[in-house]
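S.K.:
In our numbering, the protein residues as written are 313 to 539.
(1) Mark residue 528 as exposed unless 16 or more other C-beta atoms lie within 10 angstroms of its C-beta, in which case mark it buried.
(2) Report the three-state DSSP secondary structure of residue 497 (helix, strand or coil).
(3) What's the gap between the Cα of residue 473 and the Cα of residue 524?
(4) I need the straight-line Cα distance from residue 454 to residue 409, nearest angstrom please.
(5) Within its chain, find whatever has a CB closer than 8 Å to the CB of residue 497; leave out the 5 residues flanking it on each side and keep chain order.
(6) Look up residue 507 in the DSSP assignment and say whether it is helix, strand or coil.
(7) Is residue 529 helix, strand or coil when you go by DSSP?
(8) Which same chain residues, not among the five before or five after residue 480, have their C-beta less than 7 Å away from its C-beta?
(9) Using a Cβ-Cβ cutoff of less than 6 Å, which residues in the same chain neighbour residue 367 once the five nearest sequence positions on both sides are dropped?
(10) Which word fits residue 499, buried or exposed, when buried means at least 16 other C-beta atoms lie within 10 angstroms of its C-beta?
(11) Leaving out the 5 sequence neighbours to the left and right, which residues in its chain are closer than 7 Å to residue 372 when beta-carbon positions are compared?
(12) Can you name the residues that DSSP bridges to residue 378?
(13) Look at the alpha carbon of residue 424 and the alpha carbon of residue 495, and state the distance between them as a whole number of angstroms.
(14) Are the beta-carbon atoms belonging to residue 434 and residue 379 less than 8 Å from one another?
(15) Could you pull out every unbroken alpha helix (DSSP H) segment of at least 4 residues lying fully inside the segment 342-426, listed in chain order?
(16) Taking all protein chains shown into account, decide if residue 516 is buried (16 or more other Cβ within 10 angstroms of its Cβ) or exposed.
(17) Give me the Cβ distance between residue 446 and residue 508, rounded to the nearest whole Å; I'm assuming they're in contact under 8 Å.
(18) Measuring only the C-alpha atoms, how far is residue 363 from residue 357?
(19) Taking only three categories from DSSP, how would you classify residue 445?
(20) Under the rule that 16 or more other beta-carbon atoms within 10 Å means buried, what is residue 488, buried or exposed?
(21) Is the beta carbon of residue 522 closer than 8 Å to that of residue 304?
(22) Assuming residue 519 contacts residue 449 (C-beta within less than 8 Å), just tell me the rounded distance between them.
(23) Based on the DSSP output, what are the partners of residue 475 in its beta bridges?
(24) For residue 458 and residue 452, what's the separation of their Cα atoms in angstroms?
Written as C-alpha cells, this is what we have:
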C-alpha cells in the first residue's frame, strides 16, 4: 500500500508539472502594454510616485502578457518559480526608469515587478526565463518610443484632445501595425489616453499584427493629459 501511495503521488506531481509546462508553452503571442503616467494619476484614485522620485514624462511599461488567439490568456503558470530580484540585479536601474510603479503607497517597484513576473512572466518560461523576460520587455520599450512617435505626428501630452483615429494612424504609420488604445476617465469623467497595446511574437522580440484586440472602447476624441 505504501509503495503504491508513493507511486501515485509521483504520478500526480508529474502530471501537475506537465500541465504547467504545457500552459507555459502554448500561448500564441504577447501584448506589450505601456501606460501614460498622466492618465494613471489624473483620476479620482490619484497615484503615488515611487520612492526613487517622480518618473519621467514618458510612457512607462505595464507589462508583457502572454495571450491566446481566442482572447483568453494564461496566468500564474508556475507558483514554484516566484520573482527573484537577484536574477535581474543588472536591470534594476533600467526598470526604475522605464517600468516605474505609480501605485500607493509609494514603493520601490518590487511589488509591481513581482506581480508581473508571477502572473504573466511565468507563463512565458519556456521561451524566456526571468532575466530574459524583463530584458526583452525593456528592449521593446527602447525600440519603440511611443511618445516620440506621437509627438512627431503633432500629438502632444498638453491636455488637449485628439481623435482616436489620428492616434492609431500615427502609431501604425511609424511601426507598421495597428495598436489597440485603452482609455480611462480623469477626475472630471473625461475620456483620456491611458494605455497602448502592441502585439509581439513569442520570442518577445518582434512586433506582429494583433490576432485579436482586448474588449473595451474609447470615445472618438480623447484627451492626452500632461504629467
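Just so it is clear, CB atoms sit at the ideal spot from N, CA and C, and this is done for glycine as well.
Given the structure is predicted, the values throughout are model-derived calculations rather than measurements.
M.R.: The short version:
(1) exposed
(2) strand
(3) 27 Å
(4) 11 Å
(5) 355, 503 and 504
(6) strand
(7) coil
(8) 490, 491 and 493
(9) 349 and 412
(10) exposed
(11) 346, 347, 349, 410, 411 and 412
(12) 342
(13) 21 Å
(14) no
(15) 349-353 and 404-410
(16) buried
(17) Not really, about 20 Å apart at Cβ, beyond 8 Å.
(18) 19 Å
(19) helix
(20) exposed
(21) Lying before the first or after the last residue shown, residue 304 is absent from the chain, which here runs from 313 to 539.
(22) The Cβ separation is near 13 Å, so there is no contact.
(23) 533
(24) 11 Å
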